[in-house]
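Enquirer: To convert, count from 1 in the sequence shown and add 231; that's the working numbering.
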Amino acid sequence: MLSEQHPNSRAVSIGIWVLTGTRDESADEGGISHLLEHMVFKGTKTRSAYQIAKSLEALGGDLNAYTTREYTCYHALVLKDHWEKALDVLCDLVSNMEITANDFRLEKGVILQEIAMTDDTPEELIYDVLFEKAYAGNPVSTPILGTVKSVASMSQKKVMDYYKSRYTGKNIIVTAAGSLDHKIFVSKVEEKLAKKKKAKFSAKREKPRWKKARAVLEKSSEQTHMLVGLPTASFRDDQRFESYIVNTLLGGGMTSKLYQSVREKKGLVYSIHSMLNTFVDSGAMMIYAGTDVKSVRKVSDIISKELRKLKKTGASASDVELFKTQVIGSILLGSDDIENRMTSIAVNEMVFGEYRSVDSVIQQIQKVTRASVNEFVRNEFDTDKISGVLMGAGVDDLNSWWKDFEF
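1. If you draw a straight line from the C-alpha of residue 236 to the C-alpha of residue 242, how long is it?
2. Would you tell me roughly how many angstroms separate the C-alpha atoms of residue 365 and residue 280, rounded to the nearest one?
3. Taking the runs of the beta strand (DSSP E) that are 3 residues or longer, which of them lie wholly in the region 370-435?
4. Pairing CB atoms from the region 605-624 with CB atoms from the region 529-546, are three or more of them under 8 angstroms?
5. Measuring CB to CB, does residue 488 end up less than 7 angstroms from residue 537?
6. Would you kindly work out how many angstroms separate the C-alpha atoms of residue 643 and residue 559, rounded to a whole number?
7. Going straight from the alpha carbon of residue 478 to that of residue 568, what length do you get?
8. Within the continuous beta strand (DSSP E) that includes residue 250, where are the two ends?
9. On the criterion of 16 or more Cβ atoms from any shown chain inside 10 Å, does residue 262 qualify as buried, or is it exposed?
10. Is it the case that the Cβ atoms of residue 622 and residue 448 are separated by a distance below 7 angstroms?
11. For residue 604 and residue 468, what's the separation of their Cα atoms in angstroms?
12. For residue 383, which of 440, 519, 413 and 336 has the nearest alpha-carbon?
13. Determine the contact status of residue 296 and residue 268, defining contact as a CB-CB distance below 7 angstroms.
14. Give, in chain order, every unbroken run of the beta strand (DSSP E) that is at least 3 residues long and sits entirely within the region 302-349.
15. Whose C-alpha, out of 275, 413 and 396, is nearest the C-alpha of residue 177?
16. Only counting the same chain, and skipping five residues up and downstream in sequence, which positions put a Cβ closer than 8 angstroms to that of residue 410?
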């Protein structure tokens with residue numbers, strides 16, 4: 232249990248983090264973590280689905296959840312006078328799920344619609360395809376939502392067994408940020424979760440190995456969607472902050488190299504950006520662009536030139552300082568948001584097993600230098616392992632587009 236005091240805040244943000252996600256699922260459990268996240272909102276031993284929805288919404292608060300490849304989070308944001316009610320609801324969700332066969336059937340239908348919606352959204356689907364190709368053979372490659380087949384065949388008993396075995400003991404972290412007293416918070420959590428059994432499940436995660444993979448997929452859409460990626464630092468890597476700087480430099484905002492060269496100077500895209508997909512033991516940097524099918528070659532050529540330039544000459548001292556300032560500013564602005572702080576202290580506990588203040592993180596970023604960034608680019612930015620997916624209408628004639636990324 233961890234909390235951070237923000238005495239001037241009118242609100243409290245609370246999260247319960249269950250240390251199980253997509254990468255902890257077996258081959259016949261694809262999407263079960265996400266399915267379970269939905270199911271807990273269908274009812275508990277003390278609350279109906281409507282009562283769960285009303286519990287905090289009626290107070291002007293917010294209750295939600297999400298699933299990742301490494302954990303599932305249930306979180307609430309309420310006025311400070313209502314934090315005990317929020318904690319009670321969250322603890323109820325992770326302790327007392329009780330659903331009917333009809334609720335189970337209906338919610339599976341909802342998730343099948345969610346999968347269909349993703350299939351109709353190429354700019355989302357393309358990430359699942361790249362994960363599937365580049366991390367093939369590891370559970371990380373599985374879509375968080377699962378597949379139509381895995382969800383449709385999931386039994387209520389399997390989901391309940393999963394709930395009982397994973398939502399226990401040390402698999403649960405509770406965090407809070409806002410105007411609340413830590414001792415009282417700890418006391419209330421212990422009171423509500425005291426009956427939780429010790430965890431029988433212990434994650435045995437195999438480190439995902441990035442594979443060089445390419446795919447060109449014909450799909451009806453107005454734009455052609457391009458996604459390229461390469462392995463980079465993990466959450467625990469000593470050079471993770473260098474990877475943050477490089478990501479921001481390449482495609483983190485309007486001043487980034489790719490935004491300026493592809494959108495501002497050439498007008499070839501509306502959207503182009505880079506992002507980090509980071510795990511405790513591995514990570515990948517991905518670059519997305521949406522363009523006209525006739526402009527694919529031009530866009531990929533500019534992206535590859537920017538990558539080659541960075542790899543060959545490194546980042547300039549002025550660029551490193553500019554993007555360090557951007558990263559630091561973003562972290563400091565985010566630290567004023569108690570939901571961000573609640574999430575941050577949870578992630579630090581999951582990854583490092585300790586609390587890390589905003590100031591300590593800023594101090595580490597301040598230590599990043601041009602030399603350390605360029606050392607990261609030389610040694611860890613492996614352009615020989617670039618993978619990519621091209622998706623859209625009329626892409627069948629572009630099967631060799633990826634040659635632009637041959638270094």
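Even for Gly, the Cβ is constructed at its ideal location relative to N, Cα and C.
Expert: Well, looking at it:
1. 11 angstroms
2. 39 angstroms
3. 403-409
4. yes
5. yes
6. The requested residue 643 does not occur in the structure, where the chain is confined to residues 232 to 638.
7. 23 angstroms
8. Here residue 250 belongs to no beta strand (DSSP E), and DSSP marks it neither H nor E.
9. buried
10. yes
11. 14 angstroms
12. 336
13. yes
14. 303-310
15. Coverage of the chain is limited to positions 232 through 638, which leaves residue 177 absent and any answer about it impossible.
16. 236, 237, 238, 239, 240, 241, 242, 243 and 311
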